[in-house]
Each structure stands twice: as C-alpha cells, then as structure tokens.
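Let me begin by presenting the structure, written as structure tokens, before commenting on it.
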Amino acid sequence: MVGLDKNIALVGLMGAGKTRVGREVAKIFDIPFIDADREIEFSAGCSVQEIFELYGEKAFRDGERKVIARLLQEAPVVIATGGGAFINEQTRKKIKETAISVWLRADIELLLERTKHTNHRPLLQNTDVRKVLSDLIEKRYPIYAKADVIVDCDTEITPRAMGYRVRDAIWEYLNA
Ligand code: S3P
102 MVGLDKNIAL VGLMGAGKTR VGREVAKIFD IPFIDADREI EFSAGCSVQE IFELYGEKAF
162 RDGERKVIAR LLQEAPVVIA TGGGAFINEQ TRKKIKETAI SVWLRADIEL LLERTKHTNH
222 RPLLQNTDVR KVLSDLIEKR YPIYAKADVI VDCDTEITPR AMGYRVRDAI WEYLNA
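Just so we're on the same page, this note's numbering is the position in the sequence shown counted from 1, plus 101.
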C-alpha cells in the first residue's frame with residue numbers, strides 16, 4: 102500500500118456507517134482509526150447524550166470542533182466524524198485542509214433502518230425520526246456534497262467491501 106500523508110475523514114448522516122466503514126478503511130490503509138464522538142466523550146467524561154442534556158447542543162458543537170481539530174493533527178489517521186461536524190464551517194475548513202473528506206451518501210430508508218435500534222443519538226430521541234432525518238437530508242446534503250470524495254452506501258455489501266470502495270474512490274481522487 103502506497104503511503105498516505107493526509108488523514109481520511111468520513112462524513113455523512115447518522116446511520117450511514119461512518120464508524121463501521123471507517124474501521125475497515127483504517128485496516129485497509131494500515132493507519133489508526135479514531136471515532137470522533139468517542140474522543141469527545143472521553144474528553145468530556147460523559148456520553149454525547151449527557152453532553153446534550155447537561156450543556157446543550159452548542160456546547161457539544163464547540164467541543165466537537167476542538168476535539169476534531171486536535172485529532173486532525175495526528176495524520177495520517179481515519180476519523181469517523183459525527184454527522185454535524187462537517188456542517189460546522191470551521192470544522193469543515195480544518196477537515197478540508199488536513200484530510201481527504203469522504204461522504205458516505207445514503208438514502209432515507211437506509212438511514213431509518215440503521216438508526217431504528219439505537220437510543221444514543223440525542224437528535225433522534227422522542228421524535229418523528231423520518232421527519233428529522235429528511236429535514237437533515239435537505240439541509241445537510243448540499244454541504245456534505247463539498248466533500249472531496251463521495252461513496253454511495255450499499256446495504257448489499259459488507260463494511261469491508263465498502264472500505265475497498267472508499268479506498269478505490271480515494272485513489273481515483275488522488276490520481277485525477
Ligand atoms: C449528530 C450525530 C452523532 C453525534 C451527535 C450529533 C448530528 O454522530 O455526533 O448525536 O448532528 O448528526 P453519528 O453521526 O456518528 O451518529
């Protein structure tokens with residue numbers, strides 16, 4: 102495998118598979134994997150859910166921006182970012198400077214299916230999940246589209262195979 106001097110940052114909505122696919126991408130490139138939300142939880146000493154409840158979304162976004170800026174200094178690593186990270190202008194700028202950004206694009210049915218058994222996502226608690234996700238698709242997809250590389254999610258293949266698709270799309274981007 103040819104060496105990579107940049108990070109790889111996976112972006113996209115909740116349920117797109119950033120963590121699962123990100124782990125595989127890291128194995129394929131033989132570089133470390135970091136889950137940004139887990140790092141934020143580690144720094145804060147509590148869960149994302151608790152940060153939202155105790156301090157509010159704005160505080161979470163501030164922490165997210167700082168933690169991701171720190172993680173991006175450790176190149177080369179694969180970072181799975183939380184769904185809102187790339188939407189924040191400052192975080193997006195940092196990602197664009199220091200990483201190859203990869204949007205895992207997914208349709209609403211896939212996202213609904215993948216998020217229906219999880220209860221750790223504050224934005225999807227006690228709400229009409231289809232409505233929230235479709236609003237987020239409308240708001241965020243034009244911004245995720247600024248990523249360097251776009252890979253469509255495919256439920257028919259394993260996370261490993263998705264990882265190879267990401268690798269191929271990155272090579273294509275680098276050799277364009
Ligand atoms: C969020 C996505 C979550 C987490 C937080 C907010 C969002 O991460 O960062 O609940 O704004 O889309 P995942 O995309 O990993 O679920």
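Backbone N, C-alpha and C fix where the C-beta goes; we use that ideal spot for every residue, glycine too.
- Taken through DSSP and simplified to helix, strand or coil, ALA200 comes out as strand.
- Residue environment: LEU212 is assigned as buried (16 or more neighbouring CB atoms within 10 Å of its CB, all protein chains considered).
- With the criterion CB distance below 6 Å from any heavy atom of the ligand S3P, the matching residues run MET115, LYS119, ASP138, VAL149, GLY183, GLY184, GLY185, ARG222, PRO223 and LEU224 along the chain.
- Within the same chain, Cβ atoms closer than 7 Å to the Cβ of GLU142 are found at SER148 and VAL149, the five residues on either side in sequence being excluded.
- For VAL250, the uninterrupted beta strand (DSSP E) run begins and ends at 250-253, by DSSP.
- Under DSSP, LEU224 takes part in no beta bridge, so it has no partner.
- The criterion of a C-beta distance shorter than 9 Å is not satisfied by ALA246 and ALA110.
- Non-local C-beta neighbours of THR216 in its own chain, meaning closer than 8 Å and more than five positions away in sequence, comprise MET115, GLY116, ARG222, LEU225, VAL230 and LEU234, ordered along the chain.
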